[in-house]
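Novice: Questions regarding the structure given below will be posed in turn.
Number of protein chains: 4
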Amino acid sequence: MAARFTKDQVKASFAKINNWGKWGKEDERGALNYITPEKRAAAAKLARTGAIVSCALPLATQSGPDNPQPVQHMMLHVGPPVASLDYFAMAPHGFAFTHLDALCHVFWEGKMYNGYSAREVGRFGARKCAIDVTRDGIVTKGVLLDIPKVRKIDYLEPGDAIYPEELDAADKLHGARVDEGDVLLIRTGRHLRSKAKGAWNARREGLAGLDAACLPWLHERKIALLGCDGVSVCSPSHYAPDFEMPVHVGALVMMGVHLLDNADLEALSAACAKHQRYEFLFAMAPLILERGTASPVNPLAVL
Amino acid sequence: MAARFTKDQVKASFAKINNWGKWGKEDERGALNYITPEKRAAAAKLARTGAIVSCALPLATQSGPDNPQPVQHMMLHVGPPVASLDYFAMAPHGFAFTHLDALCHVFWEGKMYNGYSAREVGRFGARKCAIDVTRDGIVTKGVLLDIPKVRKIDYLEPGDAIYPEELDAADKLHGARVDEGDVLLIRTGRHLRSKAKGAWNARREGLAGLDAACLPWLHERKIALLGCDGVSVCSPSHYAPDFEMPVHVGALVMMGVHLLDNADLEALSAACAKHQRYEFLFAMAPLILERGTASPVNPLAVL
Amino acid sequence: MAARFTKDQVKASFAKINNWGKWGKEDERGALNYITPEKRAAAAKLARTGAIVSCALPLATQSGPDNPQPVQHMMLHVGPPVASLDYFAMAPHGFAFTHLDALCHVFWEGKMYNGYSAREVGRFGARKCAIDVTRDGIVTKGVLLDIPKVRKIDYLEPGDAIYPEELDAADKLHGARVDEGDVLLIRTGRHLRSKAKGAWNARREGLAGLDAACLPWLHERKIALLGCDGVSVCSPSHYAPDFEMPVHVGALVMMGVHLLDNADLEALSAACAKHQRYEFLFAMAPLILERGTASPVNPLAVL
Amino acid sequence: MAARFTKDQVKASFAKINNWGKWGKEDERGALNYITPEKRAAAAKLARTGAIVSCALPLATQSGPDNPQPVQHMMLHVGPPVASLDYFAMAPHGFAFTHLDALCHVFWEGKMYNGYSAREVGRFGARKCAIDVTRDGIVTKGVLLDIPKVRKIDYLEPGDAIYPEELDAADKLHGARVDEGDVLLIRTGRHLRSKAKGAWNARREGLAGLDAACLPWLHERKIALLGCDGVSVCSPSHYAPDFEMPVHVGALVMMGVHLLDNADLEALSAACAKHQRYEFLFAMAPLILERGTASPVNPLAVL
């Protein structure tokens, strides 16, 4: 599929979707500011049946095509007489891990969200826009846009791009309008495809995801957070190799929208279909890793 | 303060609070089974104002009296041109970390919850009752029992014990009855004391917490999970050194009640006081670490 | 091949080869005490040509049949402008790592070398007989017994056992008598076989090595250290599954002989053949990891 | 003390001491090429008495002024019945660790030794001049220049600079001429000072070491390797903050001389004084960490 925008048009769109200064020049939370207490209280009302699903993959401890650096899990003590204790270590940004990217994760022209210098990230971590800005959690309305359902297929293929009109179609079809302060979750069916055809190396062979032309749509809807079962952008991007991550830049740097990567949306897709409802209470609580650039997460949806 | 029970009485109480087999002989989730979808939906209604607080300490990356083995946090890459990436490693059971103990964490007479052999935990982790039984999260009603408020003091002292009648007093005072499927959070004021008097070595010098005589109360109320700003039990236990963790054994092994250790309940205490309400929507999503004995967590309360 | 000794005979031999108390009841260095300054000075004279070879495998950073837990190697910084920095992590006892076992590594009837209690090893490491007793290095005469050369084959097969008369044959054939204070290196050709037939899972499928009947020979010769391209013992041992490591117990616990596991003796075999000399200056410098149970090593031979 | 050279003179000296191409344009071993088999055989003759000392600090597992990132040492299993096993992790370049810098560790104008591009070092390590070029060990003649002995003091102070005429004086005084292929060890007395006055933060408060004016002397003598109880250069360098490591650049990049940092030369100093001899057999065997930028080491001296 072709790029909707030229590379220059993508770059030009960055100016239009730029939220720098919108929440003050000291702000480090970006679009999370859209989530007000009232928004949270309203979202809680969506937990009507109390059905709950996780949107996370298990922490992968074995290497695989997507997982050259698996989680290290070791026992430090095996009881009895006393207790069993363990230890784990991980690099959360991996393609096999459900994680939340902090706003400091990527840069554009030497800057991160709100104009902070990339130099605020150094050997000892991030002094600005680290993952701990999410310390009080992210609880709001969640909306699932289930793209394979729109296309009436099982799953998208690596490299497939999603365009803004499909986002419109999805929220119409689902009857769940994406609004200010929502968490938007985009399903491409990646993990269903993995089960059907075997795992593949996402870094090398690509993932389905959003075309950069979706950025203005996301900005207009004032989403608080974007999640995907891939890494948001269709990859390879239409602008590779010299401009790999237009959606990361647009979301993290320009709009201040945190990105939830590599979610597992299969159970959520089934639950939404069963309840015929694509909006729900979304709750996620990143670890409070001061100066960190990401956290592994286990996002929850309550319908 | 004296022990309410003799050591033999504690052991005898284990038989009375034993939930083995209650949810089937294959069960690994224990008292989490008390949380039904209906319970969750009802709990969501408690998120009235949408005010939210975290109940977690930041992941401590510096050593301290309680933290001989701090979280290792390292940068793997510092951008630009590209992205910033990091890595972290931790042993989650430490006294400085807010974490959830899996039911496989401790044993009694060679067994864990539901009668599984302690041998189900080996060098490569736990085959039964690992932390991943909580993969769909823990969302239910939470109740804070704010013991210093009951005693009209700022904080308890290390070693101070809490008795069942105080639990009664707390839930009467607060107007928040602890019921089936609730998460019960006990505040001792540990972290306020830390700020006032400096940190101390909890392992050596002790912590305030529940006397073993509280176990029948917890069992009768059918709580789903017990959390504390310490490690639940008053320590040193009244039965040290040969019987250090009667509440761990009673809760994890006998009742199948997961334990949330080292929570930070200061912000929650303030929020409950402000809203004059001690019950709330509780949401916690442990990492899905298959075979793990614990997970670091960031529990959330929405009032 | 059959066991030479019954299990009871092996156990009986332990009494005969026991060196406990021989170097004082406080001793933690065991047979390293055989290496005197005079021995070292004499060994240095063997470095006649100055040819040098390593006896170590590279630190394996990729998983493989023998390497479920590879070395973690990560870059912490990639310069310029400044420097490049890295980080590594490992569990040195793995079958893929050339390492030196400390005397605290295994136990017999609750005791380690010199009668120290196994309880001297706890969660925080070894208080007795840790790897740091080798802090001043091991420099002495080394002797290679090249068993495939004796048998006129390329390599032994997994599970093949070596008997004492072959040790005699080897030192006669090679003209390099194994004497007091020597490091004895036994080549089975494991890594040549790996190249020819592919790597195999040594833990499951076994390794060639010494039959337990060799223990009295080793004791009589007063070796200071035993090394092998496997793990010394033929495995599975003739006494598996309930008595897996008779040579580890005999060497580490009874004689106080440190064990060098998983050496790579291919280059040394070629060098010895070329120089028609099987004795050489041996130099090895374990890392000084206080309380550690092993160290990765890179042993050197100078001919 | 003042700089002997201006910054421009230091940079000009780089051209004169440049060894690029000297051992072929594919070379990655640099001045280690000075060590021939004959050199090694001759060096072995210096092991006259067989007295041996380590030149390494223990691996520091506790944090301290010089050690913000101590070695992580954890037990993975504590026997009996079976074995005790452990795990360790470290960033070897720390100021508290005796380590060998690979030639890829620093860069000058985008290049490392022999003109290789700094881009040969990436997120997955070094493709050129990694630490594994030392896989066959470094065995040669070692010479100790004991600067406090020359100055008739106990130890140098942080920031103190050593000039070339002192190197002359040292080798005259000691009767141990530094020659082609030698390992030169410079003692400043850092660790004796640490014992006397307490540890200090070397990164912030500096270390005694060589003035950049020593570089031509080192080049002329054709040393194979330079070691120090600090980090070779006096720090802060006379050219800080914009030119911090003139000796690192001169040695590693220009001459291809590997650097041994943070050695412990106290025992060697005592042994040399006792034997009235400042030359010895030097043996060091870095771990074979392919693509690594350093290795922890335990260098040995045999007198």
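For the record, the sequence lines run as chains Z, H, R and L. Our numbering puts the last residue of the first sequence at 706; the count rises by one with no breaks. Our numbering puts the last residue of the second sequence at 706; the count rises by one with no breaks. Our numbering puts the last residue of the third sequence at 706; the count rises by one with no breaks. Our numbering puts the last residue of the fourth sequence at 706; the count rises by one with no breaks. Glycine included, each C-beta is placed from N, C-alpha and C at the ideal position. Computed from a predicted model, the values in this text were never measured in an experiment.
1) So what's L671 of chain R in DSSP terms, helix, strand or just coil?
2) Using the three-state DSSP reduction, which class does Q475 of chain H fall into: helix, strand or coil?
3) Measure the beta-carbon distance from L587 of chain H to I626 of chain H and round it to whole angstroms, keeping in mind my assumption that it falls under 8 Å.
4) Does any residue of chain Z have a CB that is nearer than 9 Å to the CB of Q412 of chain H?
5) Using a beta-carbon distance cut-off of less than 8 Å, what residues from the stretch 466 to 483 of chain H approach chain R?
6) In this structure, how does DSSP classify W426 of chain L when only helix, strand and coil are distinguished?
7) So T537 of chain H and P689 of chain H are in contact, right, with Cβ under 8 Å, and what is the actual spacing, rounded?
8) With burial defined as no fewer than 16 other Cβ atoms inside 10 Å of the residue's Cβ, what is the status of G513 of chain H: buried or exposed?
9) Less than 9 Å between the C-beta atoms of G653 of chain Z and Y437 of chain Z, yes or no?
10) Along chain R, which residues have their Cβ under 9 Å away from the Cβ of R526 of chain Z?
11) At the level of alpha carbons, what is the spacing between A445 of chain L and G453 of chain L?
12) Shorter than 9 Å from the beta carbon of A492 of chain Z to some beta carbon of chain R?
13) For the alpha helix (DSSP H) that I420 of chain L lies in, which residues bound it at each end?
14) Only counting the same chain, and skipping five residues up and downstream in sequence, which positions put a Cβ closer than 7 Å to that of L570 of chain L?
15) Hey, how far is the Cα of T735 of chain L from the Cα of V553 of chain R?
16) So if DSSP puts D504 of chain R in a beta bridge, which residue, or which two residues, is it bridged to?
17) Report all residues from its chain with a CB closer than 6 Å to the CB of Y490 of chain R; omit the five preceding and five following residues, and keep chain order.
18) From A670 of chain L to A486 of chain Z, what does the alpha carbon distance come to, in whole angstroms?
19) Beta-carbon of F498 of chain L versus every beta-carbon of chain R: anything under 9 Å?
20) With a cut-off of 8 Å, do at least 3 Cβ pairs link the stretch 566 to 580 of chain Z to the stretch 460 to 476 of chain Z?
21) Comparing C-alpha positions only, which one of Z:S457, Z:A450, Z:S520 and Z:S466 sits nearest to V481 of chain H?
22) Please confirm whether G695 of chain R and A492 of chain R have their CB atoms less than 9 Å apart.
23) Any C-beta of chain R sitting closer than 9 Å to the C-beta of R443 of chain L?
24) If we count the other Cβ atoms within 10 Å of its Cβ and call it buried at 16 or more, is D411 of chain R buried or exposed?
25) Comparing C-alpha positions only, which one of Z:W511, Z:G525, Z:V636 and Z:L629 sits nearest to P561 of chain Z?
26) Would you say G507 of chain R faces chain L, with C-beta separation under 9 Å as the test?
27) Residues in the stretch 538 to 551 of chain R with C-beta within 8 Å of chain L's C-beta atoms, listed in sequence order?
28) From this set, L:G612, L:W423 and L:L706, which residue's C-alpha is nearest H678 of chain L's C-alpha?
29) For the pair the stretch 593 to 601 of chain R and the stretch 638 to 655 of chain R, tell me if three or more CB-CB distances fall below 8 Å.
30) Taking 9 Å as the threshold (beta carbon to beta carbon), is A521 of chain Z in contact with chain H?
31) Is W511 of chain L helix, strand or coil when you go by DSSP?
32) Taking Cβ to Cβ, would you say G433 of chain R is nearer than 9 Å to N517 of chain R?
33) Label A666 of chain L either buried or exposed according to how many other C-beta atoms from any shown protein chain fall within 10 Å of its C-beta, with 16 as the threshold for buried.
34) Any residues in the stretch 566 to 595 of chain Z with a beta carbon nearer than 7 Å to a beta carbon of chain H? Which ones, in chain order?
35) Would you kindly report the start and end of the unbroken alpha helix (DSSP H) that includes V553 of chain Z?
36) Along the stretch 419 to 444 of chain R, where does the CB come closer than 8 Å to a CB of chain L? Name the residues.
Specialist: Walking through what the data contain:
1) helix
2) Collapsing the DSSP output to three states places Q475 of chain H in a strand.
3) 5 Å
4) no
5) Cβ contacts with chain R: M477, M478, L479, H480 and V481.
6) Correct three-state label for W426 of chain L: coil.
7) 5 Å
8) exposed
9) no
10) Residues of chain R whose Cβ lies closer than 9 Å to the Cβ of R526 of chain Z are, in chain order, L479, H480 and L488.
11) Roughly 15 Å between the two C-alpha positions.
12) yes
13) K410 to I420
14) L548, C617 and W620
15) Only positions 404 to 706 of chain L appear in the structure, and residue 735 of chain L is not among them; the question remains open.
16) R:L662 and R:A697
17) M477 and L479
18) Each residue's alpha carbon lies about 43 Å from the other.
19) no
20) no
21) Z:S520
22) no
23) yes
24) exposed
25) Z:V636
26) It is worth fixing the name first, because residue 507 of chain R is Cys in this sequence and not Gly. Yes, its Cβ sits closer than 9 Å to a Cβ of chain L.
27) Cβ contacts with chain L come from R538, D539, G540 and V542.
28) L:L706
29) no
30) yes
31) strand
32) yes
33) buried
34) Residues of the stretch 566 to 595 of chain Z whose Cβ lies closer than 7 Å to any Cβ of chain H: none.
35) I550 to R554
36) T439, P440, E441, K442, R443 and A444
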